[in-house]
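Participant: 460 is the number that the working numbering gives the last residue of the sequence shown; the numbers go up by one with no jumps. Backbone N, C-alpha and C fix where the C-beta goes; we use that ideal spot for every residue, glycine too. Just so we're clear, the structure is a prediction, and the values are computed from it rather than from any experiment. Here it is, the structure in full.
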Amino acid sequence: MATLRRILIGLGLAAVAAPPVAMAVFVANPDLDPNLTQFAAHFWIVSGTALAAAVACVLVIASARTLRETRLLFLALAFVSISGIFAVHGLMTPGFFADEFYSSVGASAWISIAAGAIFVALSAVDLPDPLDRAVRRGGGVIFAWTTLVVGAYIIMSFSHENWLDFIPSDDRRIQYVLGIASISLFAFGAWRYAQAYLFARLPSQAAIVVALVLLMEVPVMMLWGTLWHLSWWMYHAAYAGAFAVLFASWAIEVRRAGSLNAIADALSMRDALAQLNRGREKHLLELLDAIEVKDAATLGHVSRVAAYALRIGRGLGLGATELRALVLAAQMHDVGKIGVPDAILLKPGPLTAAEFAEIKRHTTRGAGIAGRVRALQELAPVIRAHHERLNGRGYPDGLAGDEIPLLARIIGVADSYDAMTSTRPYRAALSHDDAVAELHRVSGVELDERCVEAFLASFGQERLQAAA
């Protein structure tokens, strides 16, 4: 896996670096930039790229659980606008559906990249809460209306070939405005998605960064490439390459995870690294949602574990600062499962040795994620150790006794009880009494005796308070 990741990173960097290097060579040496006037090639390459954008839109929608997620909605709209508008640029190439170059050909190239850039930026920006709620409520309607507008654009371009004559798409000032604006918006989107990648390190997140950088390079080549020369064709190649990178990474992600939902999970994850580092609690809640949604079979698990851990912490007499750290660590204890394939998390039967090894990696992956977030850095050892056991037979480090951080021992008890009393794909839930009996059995052997006693005592206190 590490070797494959290095290969993919190398290919991504090469794909990103090649176009600007080649453009610089052609600008400095125009004689090296051959004339390649090929109407048929233009028709098929552009039409193929537009089709790829349409497929990307379909995949985003198919992988999404809902279009109420603003990031997925705006990404889908970016692909819809690119697909429909750029299709006009290709389909109206003379010799197929048109007999000459109409204004819609040149204008569509600029409008498609600008529209795509606007929607990509919207997918990466944090909308004000009232607007965000409104977009979430009307996601389906917004998508439908945008698709209708794009469809109307296509129809008008075919039925009234000169309807875009009012747009001076050949005016260099207009081109510079659209080009620089598009470059800036794509750069902003790439930066925000890069933050998400640095947080969770999922292949789909890296791929969207590479794709957006390639799209950012498209206006550069549109501005400085020579019409019908190789330098001009390169923008078409960058356009197509962006979708090729996306499809390749999505294929790897889906094959690894065993579910199409892996695409949406990676794309919809907010850039929690930067936002948590700014102390924004809203993004902590979004991260908790991402953990919960990742494993629907354990929905509510992290919240219950946090509540149980709080009971134990209070029973042990922890102070307010320690209790806050404990609850946060309990909420984040399974954050490493974000990178575990759905096919393993949701498997209805016993895991193979290799699958269990992948599951166990969620502790080290979770600690790595926590270590990259300032608000969680001190809790990284706790997250890493929540599956350690007193007898040294836990994982990942085989710690024993007091080598295990106290907060991790507390979470271990809370996590064990909730796991036993929750229905899983491979077994039914235990009753409260059976789970308590099991806690007694492993107390002092696998789980900290004081933590178990404090947890069980909390149930007695709860009954007394209810009776009162």
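With DSSP collapsed to three states, give me the class of Asn269.
Facilitator: To locate residue 269, count along the sequence shown from 1; it is residue 277. Unreliable positioning characterises Asn269 in this predicted model, as indicated by a pLDDT of 47, which lies under 50. A coordinate reading is not provided.
Participant: Give me the residue from Leu204, Ser151, Ala203 and Pro211 with the minimum Cα distance to Ala173.
Facilitator: Along the sequence shown, one-based indexing puts residue 173 at 181. Nearest of Leu204, Ser151, Ala203 and Pro211 to Ala173, Cα basis: Pro211.
Participant: If we define contact as Cβ-Cβ less than 8 Å, is Arg381 a contact residue for chain B?
Facilitator: Given the protein chain composition of this structure (a single chain), no chain B is represented.
Participant: Would you please state the rounded distance, in angstroms, between the beta carbons of Met15 and Met213? I believe it to be under 8 Å.
Facilitator: Within the sequence shown, residue 15 is the residue found at index 23, counting from 1. Within the sequence shown, residue 213 is the residue found at index 221, counting from 1. About 6 Å; that satisfies the 8 Å criterion.
Participant: Leaving out five residues on either side along the sequence, give the residues of the same chain with a beta carbon under 6 Å from the beta carbon of Ala460.
Facilitator: The residue you call residue 460 lines up with position 468 of the sequence shown. Note on Ala460: pLDDT 37, under 50, position unreliable in the model; no value is reported.
Participant: Between the segment 362 to 378 and the segment 398 to 415, do at least 3 Cβ pairs fall closer than 8 Å?
Facilitator: With the cut-off at 8 Å, the segment 362 to 378 and the segment 398 to 415 touch.
Participant: What does a CB cutoff of less than 6 Å around Ala317 pick up in its chain, not counting 5 residues either side in sequence?
Facilitator: By 1-based counting over the sequence shown, the position of residue 317 is 325. Here the set comprises nothing.
Participant: Please say whether His221 and Asn27 have beta carbons closer to each other than 8 Å?
Facilitator: Along the sequence shown, read from residue 1 onward, the residue named residue 27 stands at position 35. Along the sequence shown, read from residue 1 onward, the residue named residue 221 stands at position 229. Yes, these two residues count as a Cβ contact at 8 Å.
Participant: Going by Cα to Cα distance, which pick from Val50, Arg303, Leu338 and Thr413 is closest to Phe71?
Facilitator: In the sequence shown, residue 71 corresponds to position 79, counting from 1. Minimum Cα distance to Phe71 is reached at Val50.
Participant: Buried or exposed: where does Trp542 fall if 16 or more other Cβ atoms within 10 Å of its Cβ makes it buried?
Facilitator: Given a span of -7 to 460 for the chain in the structure shown, any question on residue 542 remains unanswerable.
Participant: Taking the alpha carbon of Glu209 as the point to measure from, which residue in Ala68, Ser176, Ala54 and Ala33 has its own alpha carbon closest?
Facilitator: Stepping through the sequence shown from its first residue, residue 209 is reached at position 217. Nearest of Ala68, Ser176, Ala54 and Ala33 to Glu209, Cα basis: Ser176.
Participant: Ordered along the chain, which non-local residues of its own chain (more than five positions away) have a Cβ less than 6 Å from that of Gly4?
Facilitator: Numbered from 1 along the sequence shown, position 12 holds the residue referred to as residue 4. Result list for Gly4: Val202, in chain order.
Participant: Helix, strand or coil for Leu177, going by three-state DSSP, please let me know.
Facilitator: Sequence index remark: in the sequence shown, residue 177 carries index 185 (1-based). In this structure, Leu177 counts as helix in the three-state DSSP scheme.
Participant: In the DSSP assignment, find the unbroken alpha helix (DSSP H) run with Gln323 in it and report its ends.
Facilitator: Here residue 323 is taken as the residue at index 331 of the sequence shown, counted from 1. Run containing Gln323: Ala312 to Met324, per the alpha helix (DSSP H) assignment.
Participant: Can you tell which of Ala101, Leu219 and Ile134 has its C-alpha closest to the C-alpha of Asp25?
Facilitator: The residue you call residue 25 lines up with position 33 of the sequence shown. Taking only the C-alpha atoms, the option nearest Asp25 is Leu219.
Participant: Within 10 angstroms of its Cβ, does Glu61 collect 16 or more other Cβ (buried), or is it exposed?
Facilitator: Counting from one through the sequence shown, the residue named residue 61 turns up at place 69. With 16 or more Cβ atoms within 10 Å of its Cβ, Glu61 is classed as buried.
Participant: Per DSSP, what are the beta-bridge partners of Asn154 in this structure?
Facilitator: The residue you call residue 154 lines up with position 162 of the sequence shown. Answer is none; Asn154 lacks a bridge partner.
Participant: According to DSSP, is Pro86 part of a helix, a strand, or is it coil?
Facilitator: Within the sequence shown, numbered from 1, the residue matching residue 86 stands at position 94. It is a strand residue.
Participant: Measure the CB-CB distance between Gly131 and Leu190 and report whether it falls below 8 Å.
Facilitator: Reading the sequence shown from its first residue, position 139 is the one you call residue 131. Reading the sequence shown from its first residue, position 198 is the one you call residue 190. No, these two residues do not count as a Cβ contact at 8 Å.
Participant: Three-state secondary structure (DSSP) at His221?
Facilitator: Locating residue 221 in the sequence shown gives position 229, where the first residue counts as 1. Here His221 sits in strand by DSSP.
Participant: Could you pull the DSSP bridge partners for Glu419 from this structure?
Facilitator: Taking the sequence shown and counting its residues from 1, one reaches residue 419 at position 427. One point to set straight first is that residue 419 is Arg, not Glu, in the sequence displayed. Arg416.
Participant: Would you say the beta carbon of Pro373 is closer than 7 Å to some non-hydrogen atom of the ligand SAM?
Facilitator: No copy of the ligand SAM occurs in the structure displayed, which carries no ligand at all.
Participant: Have a look at Asp23 and Thr29 and give me their C-alpha separation to the nearest angstrom.
Facilitator: As a working mapping, residue 23 is identified with position 31 in the sequence shown. As a working mapping, residue 29 is identified with position 37 in the sequence shown. Their Cα atoms are separated by approximately 16 Å.
Participant: Would you mind sorting Thr344 into buried or exposed? The rule is 16 or more other CB atoms within 10 Å of its CB.
Facilitator: In the sequence shown, the residue the question calls residue 344 occupies position 352. Burial call: exposed.
Participant: Cutting at 7 Å between CB atoms, please list the residues of its own chain near Arg303, excluding the five before and the five after it.
Facilitator: On the sequence shown, residue 303 is found 311 positions in, with the first residue counted as 1. Same-chain partners within the cutoff: Phe447 and Ser450.
Participant: Just the Cα atoms here: how many angstroms apart are Arg381 and Ile361?
Facilitator: Working through the sequence shown from its first residue, we reach residue 381 at position 389. Working through the sequence shown from its first residue, we reach residue 361 at position 369. Their backbone Cα atoms lie some 22 Å apart in a straight line.
Participant: Is the beta carbon of Gly386 closer than 8 Å to that of Ile375?
Facilitator: Counted from its first residue, the sequence shown places residue 375 at position 383. Counted from its first residue, the sequence shown places residue 386 at position 394. Not in contact: Ile375 and Gly386 (Cβ atoms no closer than 8 Å).
Participant: Examine the Cβ distances between the segment 155 to 163 and the segment 78 to 97 and report whether three or more of them are shorter than 8 Å.
Facilitator: Yes, they touch.
Participant: May I ask you to report which of helix, strand or coil DSSP gives Leu382?
Facilitator: Here residue 382 corresponds to residue number 390 of the sequence shown, with the count starting at 1. Note: Leu382 maps to coil in three-state DSSP.
Participant: Identify the residues that DSSP records as bridge partners of Ser435: which are they?
Facilitator: The sequence position of residue 435 within the sequence shown is 443, counting from 1. Answer by DSSP bridge pairing, in chain order: Leu439.
Participant: Since Phe239 and Leu204 should fall inside the 8 Å C-beta cutoff, what is the C-beta to C-beta distance between them, to a whole number of angstroms?
Facilitator: For the purposes of this step, residue 239 is taken as the residue at position 247 of the sequence shown. For the purposes of this step, residue 204 is taken as the residue at position 212 of the sequence shown. Actually they do not touch by this definition, with Cβ atoms about 15 Å apart.
Participant: State the beta-bridge partners of Asn27 as determined by DSSP.
Facilitator: Counted from its first residue, the sequence shown places residue 27 at position 35. Beta-bridge pairing links Asn27 to His221.
Participant: Of the choices Thr41, Gln197, Trp36 and Arg63, whose alpha-carbon is the least far from that of Gly76?
Facilitator: Start at 1 with the first residue of the sequence shown, and residue 76 comes out as number 84. Taking only the C-alpha atoms, the option nearest Gly76 is Thr41.
Participant: Mapping the DSSP letters down to three states, classify Tyr387 as helix, strand or coil.
Facilitator: The count along the sequence shown starts at 1 and reaches residue 387 at position 395. Coil.
Participant: Out of Phe31, Ala68, Pro12 and Ala116, point me to the one whose CA is closest to Ala485's CA.
Facilitator: Residue 485 lies beyond the range of the chain shown here (-7 to 460); nothing can be said about it.
Participant: Do you know how far the Cα of Leu252 is from the Cα of Phe150?
Facilitator: Against the sequence shown, residue 150 aligns to sequence position 158. Against the sequence shown, residue 252 aligns to sequence position 260. Cα to Cα, Phe150 sits roughly 36 Å from Leu252.
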